[in-house]
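A short worksheet on the structure shown next.
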Amino acid sequence: NHPGDRRVIMAILLGLARSRQAAAAGRRAAARNYGTSLPIPNPPPGTGAVFHSRMQPPKYSLSNPKWFGIFFAMNVGVYSGHYFYLRFLMRQNPPNPPRDPENVGAPEKHMHAVDDE
């Protein structure tokens with residue numbers, strides 16, 4: 001082992017740790033960002049202020065993790081309620097009655113057949 005190799009490995013590990021910390025900080029900042037990633041237009045000169053969407057923030061705004069958490073919780077509730085109803089509340093169909101032993105087979109003529117007389 002060369003003494004310089006150890007320094008290179010330590011530098012690589014330190015760089016990885018810093019990049020992970022930066023990525024985690026970026027995710028935390030992105031989770032709090034409720035705005036738009038699109039460029040916001042500037043009004044033409046001499047026209048005054050444009051009434052853009054930053055002047056009217058939405059009354060109720062959920063972040064993506066909150067929205068999808070509520071969405072998946074709602075789906076779990078809907079499906080579990082459906083299967084609870086099928087399993088515990090809905091009546092089961094009775095079994096089919098046994099076959100009639102007097103009925104020996106197919107009829108001589110189909111009941112919906114066209115008469116060719």
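Numbered continuously in this note's numbering, the sequence shown closes out at residue 117. Using N, Cα and C, we set each Cβ at its ideal position, and we do this for glycine too.
The ligand MN heavy atom lying under 7 Å from the CB of residue 59: Ligands displayed in this structure: none; no statement on the ligand MN is therefore possible.
Terminal residues of the alpha helix (DSSP H) in which residue 77 lies: Residues 64 to 84.
Inter-residue Cα distance where the pair is residue 104 and residue 110: A direct Cα-to-Cα measurement between residue 104 and residue 110 gives close to 15 Å.
Spatial distance of residue 19 from residue 58 (CA atoms): The alpha-carbon atoms of residue 19 and residue 58 are separated by roughly 34 Å.
Closer than 8 Å to chain B by CB, residue 83: Considering every chain present, this structure includes no chain B. It has just one protein chain.
Where residue 10 falls: helix, strand or coil (DSSP): When DSSP states are grouped into helix, strand and coil, residue 10 belongs to the helix group.
Collapsed DSSP secondary structure at residue 21 in the structure displayed: Three-state DSSP puts residue 21 in a helix.
Straight-line gap, residue 77 to residue 83 (C-alpha atoms, nearest Å): Cα to Cα, the separation comes out at about 10 Å.
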